[in-house]
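Enquirer:
In the working numbering, the protein residues as written are 185 to 347.
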């Protein structure tokens, strides 16, 4: 059974509501045969990543960057999960272009640009591929944003169900 790993840092009600909607979408009754595993960014480890067929990542935008917890997740799993580095120690593009799909949702009060860029620069060096547009939410989270998060979760799970 394909496994979708949701790794999130949801310290605020806004990010928590997006995470809940993502998980609900991934677990929709219309999607059969996908195991949805949810881990906080501080709990997830390389074994979780290696056992997964796809990924959903969630973070607040903190000071123009992803949360420290999500950065810790990447620091912990990067090499074991197939991350590639250049000679100077920076992230290198994944050699195979990425096979396992991922999605990303980011919440910020005023801007999410730096957080999105920071996640994408790391994920670009993993054997993953972006399978859906990034969900960037600014300000309050209401029904439209929750519906978009639900759709993101459903999209990633459906991709795993198909393939």
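Note that beta-carbon positions come from the ideal geometry of N, C-alpha and C, so glycine has one too. Remember, predicted model here, so these are calculated numbers, not experimental data.
If you pair each beta-carbon of the segment 245 to 260 with each one of the segment 206 to 221, do three or more pairs fall below 8 Å?
Expert: In short, these stretches do not touch, since the Cβ pair count stays below three.
Enquirer: Consult DSSP for residue 327 and reduce its assignment to one of helix, strand or coil.
Expert: Counted from its first residue, the chain shown places residue 327 at position 143. Helix, per DSSP.
Enquirer: What is the DSSP secondary structure of residue 290, reduced to helix, strand or coil?
Expert: Translated into positions along the chain shown, residue 290 becomes position 106. Residue 290 falls in the strand class under three-state DSSP.
Enquirer: If you compare alpha carbons, which of 200, 190, 194, 215 is closest to residue 343?
Expert: Residue 343 sits at position 159 when you count from the first residue of the chain shown. Checking every option, the nearest Cα to that of residue 343 belongs to 215.
Enquirer: Expressed to the nearest angstrom, what Euclidean distance is found between the alpha-carbon atoms of residue 308 and residue 314?
Expert: Translated into the one-based positions of the chain shown, residue 308 becomes position 124. Translated into the one-based positions of the chain shown, residue 314 becomes position 130. Those two C-alpha atoms are separated by around 9 Å.
Enquirer: DSSP state of residue 337, grouped into three classes?
Expert: As a working note, residue 337 is residue 153 in the chain shown. Residue 337: helix per DSSP, three-state reduction.
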